[in-house]
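Each residue of the sequence shown is one higher than the one before, counting from 1 in the numbering used here.
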Amino acid sequence: MIDIQLNTLPGLEHLADTDVFPGNETPCPHTPVRKKEFVFRPDLVNKILGWLTCPSDDGLLFFGDMGTGKSSTLRQLHAWLNRPLFSISGEEGMEFSDLHGTKEIIAGDTKALDGPMIDAAKFGGTFLFEEIDRAPERVSVGLNSVLDGYPIRTLDGGEIVTPRPGFKVAATANTSGSGDMTGNYNTSNVMDSSLMDRFWSVQVPYPTEDQELTILERAFGDVFPSELLRRSIALANDIRHLSAGNPERASNKASKYHDQSIDTTFSTRALLRTLQVMGTFGSVSNPLYH
């Protein structure tokens, strides 16, 4: 591995040349694809790098509202450091064996193919369990022994894998592990306390106004003036405050609607999508309804 200067990453340009972190000189087949428009948030990067550096077997759980940058930050940091990452998304019907692999018929024979957790353990990469709170509890709690650093048995039971150095387990969720109280994430499950005790849990809020402006300017700075982007962020923040039941934090104009229900929030992802539609169909009178 080589030392990569962190100030070469978008959003971290303010860091000193001496701020480096180990990475690979070139991407490997399991390195996520870089997104040139992505902007890193220093607070989140600091937590990920601290976790990657720590010799503990503990996992890292990023939780928070939809579209705050949980998965994308983890993926893009691995992309810009040329590190391998293997992932799977939680869903109601999955089994713990899905993390280990699948069985397929190849040339008439049934063969076990390694899944993302086994691949990450063999490769010494990061295993990312996205939407872990959507997985049944019997699946997520199966990670306990993995997060204790014990060897992992492959799907067919014929091999015991001792994770290589660099193996880490990360996860993302919309809830903190206690289930959903808002109604926005009603397919989420309560996660076992024994599992939560093995994670570094970090709540990921929406970006600050300045951070979000940097994100929008990087994506649409040559399409829209900064003032329009600032007004878009102000609108998104008003919706976020009202949906969270905090009208006192919204603008004076928006706080008048505190007695009206706003069922969902306005994510950074939705803001980017809205501006993309406006830019694509800007020649029509109402691009958002086009």
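For glycine and all other residues, C-beta sits at the position ideal for the given N, C-alpha and C.
8 Å contact criterion, which residue i and residue j should meet: CB distance rounded
i: F62; j: S176; result: Not a contact, Cβ separation roughly 11 Å.
i: R269; j: G67; result: 4 Å
i: L147; j: V169; result: 6 Å
i: N24; j: R83; result: 6 Å
Where the alpha helix (DSSP H) through residue i begins and ends
i: V45; result: P42 to T53
i: S97; result: S97 to H100
i: K291; result: Shown here, the chain extends from 1 to 290; a query on residue 291 therefore has no answer.
i: V277; result: T268 to T280
i: D119; result: P116 to F123
i: I215; result: E209 to F220
i: K36; result: Where K36 is concerned, there is no enclosing alpha helix (DSSP H), given that its DSSP letter is neither H nor E.
i: L85; result: Here L85 belongs to no alpha helix (DSSP H); instead the beta strand (DSSP E) covers L85 to S89.
i: V254; result: Looking at the sequence provided, one finds Ala at residue 254 rather than Val. Here the alpha helix (DSSP H) through A254 covers N252 to S255.
i: E137; result: E137 to S140
i: L15; result: Element bounds for L15: n/a, residue is neither H nor E.
i: N144; result: N144 to L147
i: M196; result: S193 to M196
Contacts around residue i, its chain only, beta-carbon distance under 6 Å, and the 5 residues preceding and following it disregarded
i: G166; result: G124
i: R153; result: I160
i: L60; result: W51, A170 and W200
i: I2; result: E25
i: T73; result: L44
i: D119; result: F86
i: P163; result: A121
i: E37; result: R218 and A219
i: S255; result: P247
Residues near residue i by beta carbon distance below 7 Å, same chain, minus five either side
i: S87; result: P116, L128 and E130
i: F266; result: A236, I239 and R240
i: H30; result: P84, L85, F86, F123 and G125
i: P287; result: V277, M278 and F281
Cβ shell of residue i (< 8 Å), same chain only, five flanking positions each side left out
i: D17; result: Q5 and N7
i: V39; result: P10, G11, Q211, T214, I215 and R218
i: G69; result: R41, L44, V204, P207 and T268
i: V139; result: G90, M94, E95, F96, D98 and L99
i: E137; result: N189, V190, M191 and D192
i: I307; result: This structure does not reach residue 307, given that the chain is present from 1 up to 290, and the question cannot be answered.
Residue i vs residue j beta-carbon contact at 7 Å
i: P32; j: R75; result: yes
i: D238; j: A250; result: yes
i: L85; j: T102; result: no
i: A121; j: G90; result: no
i: I233; j: A171; result: no
i: L77; j: I48; result: yes
i: N184; j: T264; result: yes
i: G179; j: V223; result: no
i: G149; j: D57; result: yes
i: A79; j: R34; result: yes
Where the beta strand (DSSP E) through residue i begins and ends
i: E130; result: T126 to E130
i: I233; result: Here I233 belongs to no beta strand (DSSP E); instead the alpha helix (DSSP H) covers S226 to S243.
i: V202; result: F199 to Q203
i: V20; result: V20 to G23
i: A171; result: K168 to A173
i: L61; result: G59 to F63
i: I262; result: Neither: I262 is in no beta strand (DSSP E) and is coded neither H nor E.
i: D3; result: I2 to Q5
### Query
Should the stretch 200 to 213 be regarded as contacting the stretch 157 to 165, the criterion being three or more beta carbon pairs within less than 8 Å?
The stretch 200 to 213 vs the stretch 157 to 165: no contact.
### Message
Using 8 Å as the cut-off, can you tell me whether the stretch 91 to 100 makes contact with the stretch 270 to 284, which would need three or more C-beta pairs spanning the two stretches below that distance?
### Response
Between the stretch 91 to 100 and the stretch 270 to 284, the count of Cβ pairs shorter than 8 Å is below three; the stretches do not touch.
### Query
Is it a yes or a no for the stretch 181 to 197 touching the stretch 134 to 149, going by three-plus beta-carbon pairs under 8 Å?
As far as the Cβ criterion goes, the stretch 181 to 197 touches the stretch 134 to 149, which means the pair count is three or higher.
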